[in-house]
Amino acid sequence: CPSDLPAAGVKYVGCFKDNRYRDLPVVYTANYKTTKAYCFRYCRARGYRYFGLQNGNACTCGNTVGRYGRASSKDCARSTCKGDKRSKCGGPWRNSVFTTGLKPKSFKSKC
Numbered sequence: 001c002p003s004d005l006p007a008a009g010v011k012y013v014g015c016f017k018d019n020r021y022r023d024l025p026v027v028y029t030a031n032y033k034t035t036k037a038y039c040f041r042y043c044r045a046r047g048y049r050y051f052g053l054q055n056g057n058a059c060t061c062g063n064t065v066g067r068y069g070r071a072s073s074k075d076c077a078r079s080t081c082k083g084d085k086r087s088k089c090g091g092p093w094r095n096s097v098f099t100t101g102l103k104p105k106s107f108k109s110k111c
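With full-length UniProt numbering applied, the sequence shown covers 1 to 111.
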C-alpha cells in the first residue's frame, strides 16, 4: 500500500493515551479533511516535531509525546479518518503519533 505521508523522516511513533489536558497540546479539528497527510502538513508548517490523529477527526501537534503512557495499537485502530475512510486515525482519547521529520530547535543563550 502506498503511504500518504509525503516526506522523508516521517515515522510512526506509536499509540498514546490522552486526556483533557492533552499530551500533544495543539489541537486542530478538521473533520471532513482529516488524513495523515493533512495533519502532517498542518503540524510541520507550524514547526512541531510530532503529529497525532485522534478519534477520526482531530489532528494534534506537539514537541514531546507520551506524558500519559502508551496504549495498545488496537486502541489506535478504532476510528477511520474522516478524510480517508481507508485509513485509521486513532481512537477515543488515543493518539496515533508520527514524527514530522523536523529536529528540535536548539536555543543559544545570549548571556
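We put the CB at the ideal spot given by N, CA and C, even for glycine.
For this session: Go ahead and pull the three-state DSSP assignment for Cys-81.
Result: By one-based count along the sequence shown, residue 81 stands at place 81. Correct three-state label for Cys-81: strand.
| Three-pair Cβ contact test at 8 Å for the stretch 12 to 20 versus the stretch 35 to 47 | no
| query | How many Å lie between Arg-41 and Thr-100 at the Cα? | reply | As a first step, residue 41 must be located in the sequence shown, where it is residue number 41. As a first step, residue 100 must be located in the sequence shown, where it is residue number 100. If I take the Cα positions, the gap works out to 8 Å.
Alpha-carbon spacing of Arg-94 relative to Gly-9, whole angstroms:
Position 94 of the sequence shown, counted from the first residue, corresponds to residue 94. Position 9 of the sequence shown, counted from the first residue, corresponds to residue 9. Approximately 23 Å between the Cα atoms of the pair.
Item checked: Closest by C-alpha distance to Cys-61, when choosing among Arg-46, Tyr-68, Ser-73, Arg-70 -> Taking the sequence shown and counting its residues from 1, one reaches residue 61 at position 61. Closest option to Cys-61, Cα to Cα, is Arg-46.
Does the beta-carbon of Cys-1 have 16 or more other beta-carbons within 10 angstroms, so that it is buried, or is it exposed?
Along the sequence shown, read from residue 1 onward, the residue named residue 1 stands at position 1. For Cys-1, the predicted structure reports a pLDDT of 33, less than 50, and the residue's modelled location is therefore unreliable. The matter cannot be settled from this model.
Looking at the secondary structure, which residues open and close the alpha helix (DSSP H) in which Ala-30 lies? On the sequence shown, residue 30 is found 30 positions in, with the first residue counted as 1. Run containing Ala-30: none; DSSP gives neither H nor E here.
Subject >> In chain order, each beta strand (DSSP E) run of at least 3 residues that lies wholly inside the UniProt domain "WSC" (9 to 101) >> reply: 12 to 17, 26 to 29, 50 to 54, 58 to 62, 84 to 88, 94 to 99
Q. Excluding sequence positions up to five away, which residues of its chain have a Cβ less than 6 Å from the Cβ of Ala-77?
A. Residue mapping note: residue 77 aligns to position 77 of the sequence shown, counting from 1. The residues are Lys-88.
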